[in-house]
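Residue numbers (the numbering used here): 3 to 68.
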């Protein structure tokens, strides 16, 4: 699995998790969804993604590096 695929899957999972937590546990979990969206937005400008840093430490490589 490439780094890009892992990041997309992780982001999708986190969005779904935050929506489920908002629906079933507490409405304030909506701020978790806002945080995820803000992080995705800023990473599109800065190319900095904390999840990518963690995934790289686990040994995932970008598709360009393969």
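We put the CB at the ideal spot given by N, CA and C, even for glycine. Quick caveat, the model's predicted, so the values are computed rather than measured.
Discussion item. Measuring straight from C-alpha to C-alpha, what distance separates residue 9 and residue 56?
Written reply: A straight line joining the alpha-carbon of residue 9 with that of residue 56 spans about 10 angstroms.
Worksheet item: Which stretch, first to last residue, makes up the alpha helix (DSSP H) that contains residue 52?
Response: The continuous alpha helix (DSSP H) containing residue 52 extends over residues 52 to 59.
Worksheet item: Is residue 27 helix, strand or coil by DSSP?
Response: Reduced to three states, the DSSP call for residue 27 is coil.
Discussion item. What does the alpha-carbon distance come out to for the pair residue 67 and residue 22?
Written reply: For residue 67 and residue 22, the gap between their C-alpha atoms comes out near 35 angstroms.
Fill in: Buried versus exposed, by CB contacts within 10 Å (16 or more), residue 18
By the Cβ neighbour-count rule, residue 18 is exposed, with fewer than 16 other Cβ atoms within 10 Å of its own.
Practice prompt. Ignore the nearest five residues each way along the sequence and tell me which others in residue 51's own chain have a CB closer than 6 angstroms to its CB.
Written response: So the list reads 45, once near-sequence residues are dropped.
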